[in-house]
Amino acid sequence: MIKLKLSRHLSDLFYPVYCNLKGQVQHKENLQNAVLLLAALISGLAAVLYAQLFKYCEGLFRTTMDTKREYVFALTPIFFLVAWWIVYKFSKESSGSGIPQVLASNEFDDNGIHKRQIKRFLSFRVLVVKTISSVICVIGGGAIGREGPTIQISASIFYIFGQKVKKYLPESRSHLWIISGASAGLAAAFNTPLGGIIYAIEELGAAHFNRIRTILLAAIIISGLIALWLSGNYLYLGFPKIGTEGISILPMAAFVGIIAGLAGGLFSSILFTLAKKRSRIKAPRKLAFIAVLCGFLMAAMIYWDPRASGSGLENLNEFLFHGKHADAELVLFRFFGTMISYLSGAAGGIFSPSLTIGGSLGGYIAQLFGSPDQNILILLGMIGFLTGVTKTPFTSFILVVEMTNKHSAIFPMMVTALLALIFSNTIHKQSFYERMKDLYLEKIKMDPRSANG
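Numbering (our numbering), first residue to last: 712 to 1164.
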């Protein structure tokens, strides 16, 4: 009798809890959130695997150059041609960085022709082509990065899951999935969760942020934790030692901000002008010729100075931890090498290459002025140049802070970012990504079947 009463008491106690949990699970919005977190988990896995593959391919190219550098004149044009052909044949919307495509996708709604346009920019086909083309390009010595592609790959993963959820929850909006995916991709690529949040606000959609902030934060945390679990607790640039961090560095911080901001703005303007002209070319033979020509030009720079190839992370590590010095040659080779690699038509980002260009520029400025504070100027150069290209000053300095754990230098970093934005705006007020996004949208408006650019 006592056992029966106890059983009834426990049943009366826990049955309402069970019913509540059952109702929560069956609630469609909770189903959406659960699937979104699953997408974050898969996105984190994809980001880590892609990063490892990209790193392996960079190392493979460096090994080849250490043995027979003259091979570059055969390998680089061939690999550039193949990387372009894969994009041209299977998914033209996979070319370049991937960030403009994500920004363009975020401009569409979920209905009719707009839905079809989003699927062209974000799909399983896109993420496969993006991965294959970019790793082939980097095997050939392309001066490209993986961060922009990671953002498009992650946004594609989220969007694919979002379309499945939409069958059961028609009011689910693509903006939620695109913004969450892109932000989670950036956070996982750099191991910078705060940077992912700031990027979502600053670049992807401040108008949508308030509505999705909780689930966005959860997506970034899940994706970041998966990357952290697989890759370990690391900083993208380690723990570089810096000397002067206070007020005395502000004059140089301001100077670097002005120069790096102007350089980033110039880089953005030149690259967009050339990319726009290239987008008008439709004949495959001409596009193939451009890919091969870019390969030969890149090969010549690599033969002269192998530091021109890859994402440039190795260069930054040499500067920050081994006392190596940047020179004008490296700055120019990284500047034009990144442009050439992008214009080949292969998949590949300019995010981390921009950090390398800016870091090299900051290091070169330190050499010109005989400054003992090379490391801090390298970090400031990274912030200034990236701001000049992306017009996202908050994202730029937050990323560098999280990459290096140098919170003590945040004030000069903010000064550099602010001045870089102001002076880069004298060249053009839109970022390279925004201008490319507008180019995509313009081409879609003129011809909904064609958005190659």
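The beta-carbon is built from N, C-alpha and C at its ideal position, and this holds for glycine as well. Predicted, not measured: the structure shown is a model, and the values here were computed from it.
- prompt: What is the rounded straight-line gap between the Cα of Gly859 and the Cα of Leu887?
  reply: Reading the sequence shown from its first residue, position 148 is the one you call residue 859. Reading the sequence shown from its first residue, position 176 is the one you call residue 887. Taking the straight line joining both Cα atoms gives about 19 Å.
task: Given a cut-off of 9 Å, decide if Leu897 and Thr687 are closer than it, judged by their beta-carbon atoms.
output: Since the first and last residues shown for the chain are 712 and 1164, residue 687 lies out of range.
- prompt: Do the stretch 1010-1025 and the stretch 752-764 touch if we need at least three Cβ pairs shorter than 8 Å?
  reply: no
query: Can you name the start and end residues of the alpha helix (DSSP H) that Pro1083 belongs to?
result: For the purposes of this step, residue 1083 is taken as the residue at position 372 of the sequence shown. Unbroken run through Pro1083: none, as it is neither H nor E.
task: Just tell me which of Phe1046, Gly1073, Ala1077 has its CA closest to the CA of Phe1062.
output: Within the sequence shown, numbered from 1, the residue matching residue 1062 stands at position 351. Nearest C-alpha to Phe1062: Phe1046.
- prompt: In or out: Ala703 buried (at least 16 other Cβ within 10 Å) or exposed?
  reply: This structure gives no information on residue 703, because the portion of the chain shown stretches from 712 to 1164.
- prompt: Mind checking Glu781: buried by the 16 CB within 10 Å criterion, or exposed?
  reply: Within the sequence shown, residue 781 is the residue found at index 70, counting from 1. That one is exposed.
- prompt: Beta carbon of Ala965, beta carbon of Gly1073: below 9 Å?
  reply: Within the sequence shown, numbered from 1, the residue matching residue 965 stands at position 254. Within the sequence shown, numbered from 1, the residue matching residue 1073 stands at position 362. Taking a C-beta distance under 9 Å as the contact criterion, Ala965 and Gly1073 do not qualify as a contact pair.
task: Work out the CA separation of Gly856 and Ala1077 for me, nearest whole Å.
output: Position 366 of the sequence shown holds residue 1077. Position 145 of the sequence shown holds residue 856. Taking the straight line from one Cα to the other gives about 25 Å.
message: Could you tell me the alpha carbon to alpha carbon distance between Leu1054 and Leu982, rounded to whole angstroms?
response: Counted from its first residue, the sequence shown places residue 1054 at position 343. Counted from its first residue, the sequence shown places residue 982 at position 271. Going by the C-alpha atoms only, they are around 8 Å apart.
task: Leaving out five residues on either side along the sequence, give the residues of the same chain with a beta carbon under 7 Å from the beta carbon of Ala815.
output: Indexing the sequence shown from 1 puts residue 815 at position 104. Same-chain partners within the cutoff: Phe832, Lys1148, Tyr1151, Leu1152.
- request: Could you name each continuous alpha helix (DSSP H) segment of 4 residues or more that falls completely within the stretch 783-857, going from the start of the chain to the end?
  value: 783-801, 810-816, 823-832, 835-850
message: Taking a contact to mean a Cβ-Cβ separation below 9 Å, would you say Ala854 touches Gly1056 in this structure?
response: The residue given as residue 854 occupies position 143 in the sequence shown. The residue given as residue 1056 occupies position 345 in the sequence shown. No, the Cβ-Cβ distance between Ala854 and Gly1056 is not below 9 Å.
- prompt: Count the other CB atoms within 10 Å of the CB of Asp1084; is the residue buried (16 or more) or exposed (fewer)?
  reply: On the sequence shown, residue 1084 is found 373 positions in, with the first residue counted as 1. With 16 or more Cβ atoms within 10 Å of its Cβ, Asp1084 is classed as buried.
Spatial neighbours of Val728 in its chain, beta-carbon cut-off 8 Å, leaving aside the 5 residues before and after: By 1-based counting over the sequence shown, the position of residue 728 is 17. Because Val728 carries a pLDDT of 41, less than 50, the predicted location of this residue cannot be relied on, and the following value inherits that uncertainty. So no residue of the chain qualifies.
field: Distance, Ile789 Cα to Gly809 Cα
entry: Position 98 of the sequence shown holds residue 809. Position 78 of the sequence shown holds residue 789. Taking the straight line from one Cα to the other gives about 23 Å.
field: Own chain residues within Cβ distance below 7 Å of His1036, not counting five before or after
entry: Here residue 1036 is taken as the residue at index 325 of the sequence shown, counted from 1. Take His1036, set aside five residues on each side of it, and the residues of its chain with a beta-carbon closer than 7 Å to its own are Gly1074, Gln1078, in chain order.
Unbroken alpha helix (DSSP H) run spanning His1033, endpoints: Taking the sequence shown and counting its residues from 1, one reaches residue 1033 at position 322. Residues 1024-1033.
- prompt: Since Val846 contacts Phe765 with CB under 8 Å, what's their CB separation in whole angstroms?
  reply: On the sequence shown, position 135 is the one that residue 846 refers to. On the sequence shown, position 54 is the one that residue 765 refers to. So it is a contact: roughly 6 Å between Cβ atoms.
His720 - DSSP class collapsed to helix/strand/coil: Here residue 720 refers to the residue found at position 9 when the sequence shown is read from its first residue. With a pLDDT of only 48 at His720, under 50, the local geometry of the prediction cannot be trusted, and the value read off the model is given with reservation. Under the three-state reduction of DSSP, His720 is assigned to helix.
- request: Find the nearest neighbour of Val849 within the set Phe819, Ile1013, Gln863, Thr1101, judged by alpha-carbon distance.
  value: The sequence position of residue 849 within the sequence shown is 138, counting from 1. Answer by Cα proximity: Ile1013.
C-alpha distance - Ala745 paired with Leu752, whole-angstrom precision: For the purposes of this step, residue 745 is taken as residue 34 along the sequence shown, with counting starting at 1. For the purposes of this step, residue 752 is taken as residue 41 along the sequence shown, with counting starting at 1. Going by the C-alpha atoms only, they are around 11 Å apart.
message: Can you list, in chain order, the residues of its chain with a C-beta nearer than 6 Å to that of Ser1135? Leave out the 5 residues immediately preceding and following it.
response: As a first step, residue 1135 must be located in the sequence shown, where it is residue number 424. If we look at Ser1135 and ignore the five residues flanking it on each side, its Cβ neighbours are Gly972, Gly975, Gly976, Gly1099.
query: Using DSSP with H/G/I as helix, E/B as strand and the rest coil, what is Ala1058?
result: To locate residue 1058, count along the sequence shown from 1; it is residue 347. Ala1058 falls in the strand class under three-state DSSP.
- prompt: With burial defined as no fewer than 16 other Cβ atoms inside 10 Å of the residue's Cβ, what is the status of Pro664: buried or exposed?
  reply: Limits of the chain in this structure are 712 at one end and 1164 at the other, which puts residue 664 out of reach.
query: Unbroken alpha helix (DSSP H) runs of length 4 or more, entirely within the stretch 1084-1108: which are they?
result: The stretch 1084-1108 contains these whole alpha helix (DSSP H) runs: 1085-1101.
field: Inter-residue Cα distance where the pair is Ile1068 and Gly1092
entry: As a position in the sequence shown, residue 1068 is number 357, starting the count at 1. As a position in the sequence shown, residue 1092 is number 381, starting the count at 1. Approximately 8 Å, taken between the alpha carbons.
field: Residue range of the unbroken alpha helix (DSSP H) whose run includes Ser891
entry: For the purposes of this step, residue 891 is taken as the residue at position 180 of the sequence shown. Segment 885-901, the alpha helix (DSSP H) holding Ser891.
field: Own chain residues within Cβ distance below 7 Å of Ser844, not counting five before or after
entry: Numbered from its first residue, the sequence shown carries residue 844 at position 133. For Ser844, where only same-chain residues beyond five positions count, the Cβ hits under 7 Å are Ala794, Ile797, Val798, Ser805, Ala1057, Ala1058.
- prompt: Is the beta carbon of Ile1128 less than 9 Å from the beta carbon of Phe1105?
  reply: Position 417 of the sequence shown, counted from the start, is the residue given in the question as residue 1128. Position 394 of the sequence shown, counted from the start, is the residue given in the question as residue 1105. In the sequence under discussion, the amino acid at residue 1128 is Ala, which differs from the Ile named in the question. Yes, these two residues count as a Cβ contact at 9 Å.
task: Taking only the alpha-carbon atoms, compute the straight-line gap between Phe819 and Ile829 and give it to the nearest angstrom.
output: Walking along the sequence shown from the start, residue 819 turns up at place 108. Walking along the sequence shown from the start, residue 829 turns up at place 118. Their Cα atoms are separated by approximately 7 Å.
task: Kindly indicate which residue of Leu1008, Phe1080, Pro811 has the alpha-carbon position closest to the one of Thr1049.
output: Mapped onto the sequence shown, residue 1049 falls at position 338. Taking the Cα of Thr1049 as reference, the smallest distance to any Cα among Leu1008, Phe1080, Pro811 is reached at Leu1008.
query: What is the residue span of the alpha helix (DSSP H) that Leu1004 lies within?
result: Looking up residue 1004 in the sequence shown gives position 293. Looking at the DSSP string, the run of the alpha helix (DSSP H) that includes Leu1004 is 995-1015.
- request: Using a threshold of 9 Å, state whether the C-beta atoms of Phe791 and Gly1006 are closer than that.
  value: For the purposes of this step, residue 791 is taken as residue 80 along the sequence shown, with counting starting at 1. For the purposes of this step, residue 1006 is taken as residue 295 along the sequence shown, with counting starting at 1. Yes, Cβ-Cβ distance for Phe791 and Gly1006 is below 9 Å.
- prompt: By DSSP, does Tyr879 sit in helix, in strand, or in coil?
  reply: Looking up residue 879 in the sequence shown gives position 168. Looking at Tyr879 - three-state DSSP - the assignment turns out to be coil, as it is neither helix nor strand.
Sequence-distant residues of its chain with Cβ nearer than 6 Å to Arg884 (five each side left out): As a working note, residue 884 is residue 173 in the sequence shown. Result list for Arg884: empty, nothing under 6 Å.
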